[in-house]
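What follows is a set of notes on a single structure, which appears directly below.
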Amino acid sequence: MASESFDNRKGILWIDGQFVDWSEAKIHVLSHALHYASAVFEGERAYNGKVFRLHDHTYRLHRSAQILGFQIPYAPDQINTVTMDLLKRNNLMDAYIRPIAWRGSEDMGVSAHSKSIHLAIACWAWPSYFSPEARQKGIKLIVSPWARPAPNTAPTAAKASGLYMICTLSKNMAEEQGCQDALMLDWRGQVAESTGANLFMVKDGQVHTPKADCFLDGITRQTVMGLARGLNITVIERAIMPDELAKADEVFLTGTAAEVTPVGQIGDWTYTPGAVTAALIEAYTQTVNS
Ligand SMILES: Cc1ncc(COP(=O)(O)O)c(C=O)c1O
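Residue numbers for the sequence shown follow this note's numbering, so the first one is 6 and each next one is one higher.
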């Protein structure tokens, strides 16, 4: 059965300063953001009524907007207060939260100096990004033909809508091939990340992850690196070439939606979720629930 359409759910959303019924949160078809991808967003999770690293997510939302050349007209503290209020109004203790800021529809054209800036926040229950069965065995990835762009060809440090065009193409391709996601290499041919999460590999008990110099330096990635170091596991951030993944002992993804997800296959290479991934899943679960 197809899941319920997102424009047809029950609940309360916040848009441009107002709490409104879910069905009333509409924008005009000539919005600049829709035509020219002038939108930035966040993905956050609440556990037991508390949003994990809310301040960091809100800060990144503001920062992403600045990178795209606009200022969100709500202060971070206001956004944090609205987020907590919204969870309460929707009776949600465990939820995924999606704030999005975008340019409006005053006039049509690529230039965007005079466009209004809008902000909306939605939240809903979303227990698992990948199915529990796939998570247990480790998810399957294809290697995407799309490369993460160089930082001088796209605003790669921002969580900006336009950057997800190649992610959707890659993820659709993966699902059409019976996989759950795609590994994306970068413009240099180095390992980058998946379509919505950062990537780590384990080799001889040490954790390796690519330097986040042309893709999102995830908040979960930073958390998991700290947790690994706390468990006396060496963490190395460096350039990783794809053939190194052939020799990895374990591979896993990190992200707010994906949390810590074991990888069971990348193309022809297979992995068994192991002790390091299990220890980090455990540590992450404890941290977000504490
Ligand atoms: C492309 C991409 N990379 C990485 C991440 C992980 O970021 P975070 O851990 O901050 O959720 C996300 C999720 O937001 C993402 O969409």
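All C-beta atoms, glycine included, are put in the ideal place defined by N, C-alpha and C.
Contact test: residue i Cβ vs ligand 1 heavy atom, cutoff 7 Å
| i | result |
| --- | --- |
| Ala262 | yes |
| Ala202 | yes |
| Glu198 | yes |
| Ile271 | no |
| Arg226 | yes |
| Cys128 | no |
| Phe220 | yes |
| Lys164 | yes |
| Gly210 | no |
| Thr173 | no |
| Thr86 | no |
| Gly223 | yes |
Three-state class that DSSP yields for residue i in the structure shown
| i | result |
| --- | --- |
| Met6 | Confidence at Met6 is low in this model, with a pLDDT of 40, below 50, so the placement of that residue should be treated as unreliable; the coordinate-derived value is given next. Of the three classes helix, strand and coil, the one that applies to Met6 here is coil, per DSSP. |
| Ala125 | strand |
| Asp26 | strand |
| Ile84 | helix |
| Gln211 | strand |
| Asp275 | Here residue 275 turns out to be Thr, not Asp, going by the sequence shown. Looking at Thr275 - three-state DSSP - the assignment turns out to be strand. |
| Leu232 | helix |
| Ala253 | coil |
| Met113 | coil |
| Glu242 | strand |
| Asn294 | helix |
| Ala44 | strand |
| Ala197 | strand |
| Asp222 | coil |
| Arg153 | strand |
| Ile72 | helix |
| Arg65 | helix |
| Ala38 | helix |
For residue i, the residue or residues it bridges with in DSSP
| i | result |
| --- | --- |
| Gly260 | Glu264 |
| Leu146 | Asp186 and Ile271 |
| Lys55 | Tyr52 |
| Val281 | Paired residues: none, contrary to the question. |
| Met206 | His213 and Val256 |
| Tyr134 | Paired residue(s): none; Tyr134 is not in a bridge. |
| Ala100 | Ala51 |
| Arg94 | Partner(s): none; Arg94 has no beta bridge. |
Candidates the options: closest to residue i by CA position
| i | options | result |
| --- | --- | --- |
| Asp26 | Leu18, Ile144 and Val229 | Leu18 |
| Ala187 | Phe135, Leu236 and Leu232 | Phe135 |
| Gly279 | Tyr79, Gly194 and Val268 | Val268 |
| Ser295 | Val56, Pro154, Pro81 and Ala262 | Val56 |
| Asp248 | Gly235, Ala106, Leu190 and Asn13 | Leu190 |
| Trp131 | Ile105, Tyr101, Leu124 and Lys142 | Tyr101 |
| Asp209 | Arg140, Thr275, Thr239 and Gly272 | Thr239 |
Status (buried if at least 16 other CB within 10 Å, exposed otherwise) for residue i
| i | result |
| --- | --- |
| Val281 | buried |
| Met230 | buried |
| Ile77 | buried |
| Met6 | Confidence at Met6 is low in this model, with a pLDDT of 40, below 50, so the placement of that residue is unreliable and no value is reported for it. |
| Gln195 | buried |
| Tyr276 | buried |
| Phe46 | buried |
| Gln71 | exposed |
| Ser133 | exposed |
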